[in-house]
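Take a look at the structure set out below.
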Amino acid sequence: MKQGKSRGFKTWFEKAASAITRAVGSSMAFLLAFLVIVVWAVTGPIFHYSDTWQLVINTGTTIVTFLMVFLIQQSQNKDSLAIQLKLNELIAAEERASNRLIVVEDLTQDELEVLKKFYVRLSQLAREDNDLHSSHSVDEAQDVDRYKRSFRQKRQQDVPE
Numbered sequence: 001m002k003q004g005k006s007r008g009f010k011t012w013f014e015k016a017a018s019a020i021t022r023a024v025g026s027s028m029a030f031l032l033a034f035l036v037i038v039v040w041a042v043t044g045p046i047f048h049y050s051d052t053w054q055l056v057i058n059t060g061t062t063i064v065t066f067l068m069v070f071l072i073q074q075s076q077n078k079d080s081l082a083i084q085l086k087l088n089e090l091i092a093a094e095e096r097a098s099n100r101l102i103v104v105e106d107l108t109q110d111e112l113e114v115l116k117k118f119y120v121r122l123s124q125l126a127r128e129d130n131d132l133h134s135s136h137s138v139d140e141a142q143d144v145d146r147y148k149r150s151f152r153q154k155r156q157q158d159v160p161e
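So the sequence shown is numbered by UniProt numbering: it starts at 1 and just counts up by one.
As structure tokens, this is what we get:
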């Protein structure tokens, strides 16, 4: 029973965090926050810039900031995992790609530096070619599309019914 409640809270929190993050990232949320600051500033003379007047904005912004850190971190963790999974799918699907890169985030800093040197060298070699059209041409895009279509058709034919 306890795990069911925990899972329910986790699901609720994920949904709430996503909705709140989308909402506070909107232009309307910015406008609302800006208006709160304007109202606070305008009321300064009314309250004679008292300590209580300052405490209201300080406390409010501190609470909002504290809570937003957790919501934003949760959203970033989820987005990061989704991107990693998408990239993993691309690596796994490409026969020439190294499957070791699927868990590249688990490598040590030294191992990452070795991989970085490899990709920097590839970039230098591509730059030396100095021809963007040879690696990103319309003809190549059409070739890739034809290859993928034929691969999908072959895979569908190989599936027993």
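For glycine and all other residues, C-beta sits at the position ideal for the given N, C-alpha and C.
Simplified DSSP assignment, three categories, for residue i
i	result
R127	helix
T65	helix
V159	coil
Y147	helix
L31	helix
T59	helix
L115	helix
G8	helix
Short Cβ contact (8 Å threshold) for residue i with residue j
i	j	result
L107	I91	no
I57	W40	yes
T43	W53	yes
A17	A23	no
Q84	E113	no
*Counting Cβ pairs, one atom from each stretch, are 3 or more of them under 8 Å apart for the stretch 7-21 and the stretch 67-83?*
yes
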